[in-house]
Amino acid sequence: METKASNFLNIKGLPDLANILDINIYKLVDMVAKPGYRSFSIPKKKGGERVIHAPKKKLAKVQKKLNGILQYLYQEKRAVQGFISNKYSYYPHGILANAQAHLGMNYIWNIDLVDFFPSISTHRIKETFESAPFNFVSPIASYITLICSYQKQLPIGAPTSPMLSNYVCRNLDENILAWVYQAREKNIEVKYTRYADDMTFSFMEKPSEELQNEIIQLIHEQGFQLNPKKNRLQAKQQAQWVTGIKVNEKPNLDRRQIRKLRAIIHHAQTAGLEEACKRYYKLETVPVEAIDKFLLSIGGKINYVAYVRGRTDSVFLKLFVPFQKLRETYLNK
0 METKASNFLN IKGLPDLANI LDINIYKLVD MVAKPGYRSF SIPKKKGGER
50 VIHAPKKKLA KVQKKLNGIL QYLYQEKRAV QGFISNKYSY YPHGILANAQ
100 AHLGMNYIWN IDLVDFFPSI STHRIKETFE SAPFNFVSPI ASYITLICSY
150 QKQLPIGAPT SPMLSNYVCR NLDENILAWV YQAREKNIEV KYTRYADDMT
200 FSFMEKPSEE LQNEIIQLIH EQGFQLNPKK NRLQAKQQAQ WVTGIKVNEK
250 PNLDRRQIRK LRAIIHHAQT AGLEEACKRY YKLETVPVEA IDKFLLSIGG
300 KINYVAYVRG RTDSVFLKLF VPFQKLRETY LNK
């Protein structure tokens with residue numbers, strides 16, 4: 000990857016770009032002229048719909064290769080937790096690391112950016128490729144931007160979009176981190192992390208409205224807007240959540256999630272996998288592939304409990320052991 004990344008930074012024209020992305024130059028030109036996307040909507044958890052623009056197979060393949068290079072070249076910041084490959088990082092990144100950064104703080108302030116990917120225009124993407132570490136001339140920056148964008152924005156669904164959003168947010172992250180350091184010099188204990196559009200600040204003392212407005216101003220200066228419905232200040236006395244993980248004392252999950260998993264496993268033990276699968280997917284008849292899908296789904300949820308609480312945790316083991324017996328019995332039929 001080091002050689003490919005170095006060659007990428009030294010692109011002089013389209014032939015170089017096509018060679019690095021392992022695609023015929025004429026096919027690349029055609030792909031940019033007629034970008035293949037499949038658009039559809041999915042419901043959001045709290046109402047409304049999210050529009051997904053998923054690239055078709057050939058374009059997705061090119062974007063995945065480009066994303067690997069972007070991952071390698073990204074100069075990580077510990078505060079940035081989303082979409083960073085731990086393969087190339089010095090520190091662990093992800094949802095759990097994002098939550099762990101705020102353990103033991105008295106106040107957690109969660110804010111969310113509105114229409115995060117769609118709000119990132121082709122102009123901002125092009126500016127990113129014209130700046131360090133790329134420093135591409137305008138025509139090359141424009142062409143790579145066209146590979147990564149759709150309908151003049153960063154598309155939700157493209158493999159390159161998550162990593163590119165981190166590049167676009169570099170000024171935002173740097174400005175906020177500079178503010179954090181200045182606040183600490185004034186004896187204000189504060190921590191900051193960002194996972195995509197989820198921004199989290201934690202404090203030992205309750206942040207004043209003036210202090211919050213300073214942070215909001217920094218966000219507005221970078222062209223982003225806050226979602227007022229996802230602006231939450233959580234004190235130690237109440238449940239404190241960071242990207243779906245409870246952080247009051249140690250990383251934890253919602254009790255309702257655990258109870259629901261226990262109920263599903265208990266139903267499978269007493270009524271059988273077929274009946275449990277039927278209830279889980281609301282089916283009248285259960286094809287074999289549905290049971291396989293059911294086992295994968297529940298297994299994934301149980302593994303997430305291990306990810307948050309640890310594989311030696313008693314709550315995890317009480318879920319894992321009976322589920323594993325059910326799975327083995329089914330596979331050994």
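In terms of numbering that gives the first Met the number 0, the sequence shown opens at residue 0 and continues consecutively. Note that the Cβ used here is the ideal one computed from N, Cα and C, for glycine as well. Since the structure is predicted, the reported quantities are computational estimates derived from the model, not experimental observations.
Same chain, Cβ closer than 7 Å to residue i, five either side skipped, listed in chain order
{"i": "Asp196", "result": "Asp111, Leu112, Phe115"}
{"i": "Lys125", "result": "Ala140, Ser141, Thr144"}
{"i": "Gln239", "result": "Ile107, Gln233, Lys245, Val246, Asn247"}
{"i": "Arg37", "result": "Ala53, Lys55"}
{"i": "Lys43", "result": "Arg49"}
{"i": "Met203", "result": "Met104, Asn105, Glu188"}
Buried versus exposed, by CB contacts within 10 Å (16 or more), residue i
{"i": "Gly299", "result": "exposed"}
{"i": "Ala262", "result": "exposed"}
{"i": "Gly309", "result": "exposed"}
{"i": "Ala177", "result": "exposed"}
{"i": "Leu27", "result": "buried"}
{"i": "Ile119", "result": "buried"}
{"i": "Met30", "result": "buried"}
{"i": "Met104", "result": "buried"}
{"i": "Ala78", "result": "buried"}
Reduced DSSP category for residue i - H, G, I as helix; E, B as strand; rest coil
{"i": "Ser38", "result": "strand"}
{"i": "Ala234", "result": "strand"}
{"i": "Phe200", "result": "strand"}
{"i": "Val246", "result": "coil"}
{"i": "Tyr29", "result": "Before going on, a small fix: residue 29 reads as Asp here, not Tyr. Helix, per DSSP."}
{"i": "Pro91", "result": "coil"}
{"i": "Tyr306", "result": "helix"}
{"i": "Val79", "result": "strand"}
{"i": "Tyr329", "result": "helix"}
{"i": "Pro54", "result": "strand"}
{"i": "Asn251", "result": "strand"}
{"i": "Tyr73", "result": "coil"}
{"i": "Ile10", "result": "coil"}
{"i": "Asp312", "result": "coil"}
{"i": "Asn109", "result": "strand"}
{"i": "Gln225", "result": "The sequence given here places Leu at residue 225; Gln does not occur at that position. DSSP places Leu225 in strand when its eight states are reduced to three."}
Nearest-angstrom Cα separation, counted from residue j out to residue i
{"i": "Glu273", "j": "Val285", "result": "7 Å"}
{"i": "Asp213", "j": "Phe223", "result": "A small correction: the amino acid at residue 213 is Glu; Asp does not occupy that position in the sequence shown. Near 14 Å, if we compare the C-alpha coordinates of Phe223 and Glu213."}
{"i": "Ala182", "j": "Glu188", "result": "7 Å"}
{"i": "Met162", "j": "Pro132", "result": "14 Å"}
{"i": "Gln233", "j": "Glu327", "result": "43 Å"}
{"i": "Lys3", "j": "Ser137", "result": "21 Å"}
{"i": "Ser160", "j": "Val61", "result": "13 Å"}
{"i": "Val307", "j": "Pro250", "result": "6 Å"}
{"i": "Thr121", "j": "Gly156", "result": "16 Å"}
{"i": "Leu95", "j": "Arg193", "result": "12 Å"}
{"i": "Gln150", "j": "Ala32", "result": "12 Å"}
{"i": "Ala100", "j": "Val179", "result": "14 Å"}
{"i": "Lys235", "j": "Ala98", "result": "15 Å"}
{"i": "Ser84", "j": "Ala53", "result": "21 Å"}
{"i": "Glu129", "j": "Phe135", "result": "5 Å"}
{"i": "His219", "j": "Gly243", "result": "25 Å"}
{"i": "Ser201", "j": "Lys229", "result": "16 Å"}
{"i": "Ile10", "j": "Lys56", "result": "25 Å"}
{"i": "Ser313", "j": "Pro117", "result": "42 Å"}
{"i": "Arg123", "j": "His265", "result": "52 Å"}
{"i": "Gly46", "j": "Asp15", "result": "45 Å"}
{"i": "Gly12", "j": "Leu72", "result": "20 Å"}
{"i": "Gln70", "j": "Glu1", "result": "11 Å"}
Sequence-distant residues of the same chain with beta carbon closer than 8 Å to residue i, five excluded per side
{"i": "Lys324", "result": "none"}
{"i": "Tyr89", "result": "Glu75"}
{"i": "Ile301", "result": "Leu260, Phe315, Leu318, Phe319, Phe322"}
{"i": "Ile337", "result": "With the chain covering only 0 through 332, there is no way to say anything about residue 337."}
{"i": "Gln152", "result": "Phe116, Pro117, Ser118, Ile119, Ser120, Thr121"}
Cβ shell of residue i (< 6 Å), same chain only, five flanking positions each side left out
{"i": "Thr127", "result": "Tyr166, Val167"}
{"i": "Asn109", "result": "Thr199, Arg231"}
{"i": "Ile175", "result": "Tyr191, Leu217"}
{"i": "Leu102", "result": "Val246"}
{"i": "Asn226", "result": "Asp111, Val113"}
Any chain D beta carbon closer than 8 Å to residue i
{"i": "Ile139", "result": "Structure shown: chain D not included; a single protein chain is present."}
inquiry  = Quick check for students: name the residue ranges of the beta strand (DSSP E) that lie wholly in the region 118-198, counting only runs of 3 or more.
reply    = 189-194
key: Length at least 4, wholly inside the region 267-304: the alpha helix (DSSP H) runs in chain order   = The region 267-304 contains these whole alpha helix (DSSP H) runs: 272-280.
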